[in-house]
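Student: Residue numbers for the sequence shown, in full-length UniProt numbering: 1 to 89.
Every residue, glycine too, gets a C-beta built ideally from N, C-alpha and C.
Here it is, the structure in full.
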Amino acid sequence: MRSIRSGASAMLTVTDDGEGLDSADLERIFERFYRVPGRRSVEGESGHGIGLTISRALARGHGGDLTAASSGAGQGSTLTMTVPLRDDA
């Protein structure tokens, strides 16, 4: 996990070395109830496919965004949330 200030925005980046995503799934993972087919569950729980949908909606609701990147299957993934910083001046 890494956080940086980039101009008037804050960026939070989370990178893993897990299963990765192919290009067809990169945008679909933000669709409500979408789960990548054939993925293993974590401790027997498979999730509901709404966490990233909610997270992106929250980021966009604050004028930011949530994006995903991956070099492909087996290459891990990076999720980046960007939100504008308040100007208290």
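Who are the near neighbours of Ala89 in its chain, counting only those whose CB is closer than 7 Å to its CB and skipping five residues on each side?
Tutor: Confidence is the limiting factor: at Ala89 the pLDDT is only 43, short of 50, which leaves the residue's position unreliable, though a coordinate-based value still follows. Taken in chain order, the list of residues that qualify is empty.
Student: By how many angstroms is the C-alpha of Gly18 removed from the C-alpha of Thr67?
Tutor: 17 Å
Student: According to DSSP, simplified to helix, strand and coil, what is Arg60?
Tutor: The answer is helix: DSSP assigns Arg60 an H, G or I state.
Student: Reducing DSSP to helix, strand and coil, say where Asp25 ends up.
Tutor: Helix.
Student: Alpha carbon to alpha carbon, what distance is there between Ala24 and Ala10?
Tutor: 28 Å
Student: Quick one: what's got a C-beta closer than 8 Å to Gly63's C-beta in the same chain, skipping five residues either side?
Tutor: Shown here for Gly63: same chain residues with a beta carbon closer than 8 Å to its own, the five before and five after excluded, namely Val83, Pro84 in chain order.
Student: Within 10 angstroms of its Cβ, does Ser77 collect 16 or more other Cβ (buried), or is it exposed?
Tutor: buried
Student: Of all the beta strand (DSSP E) runs that stay within the bounds of the UniProt region "Disordered" (65 to 89), which reach a length of 3 or more residues?
Tutor: 65 to 69, 77 to 84
Student: Where does Ser46 fall in DSSP's three states?
Tutor: coil
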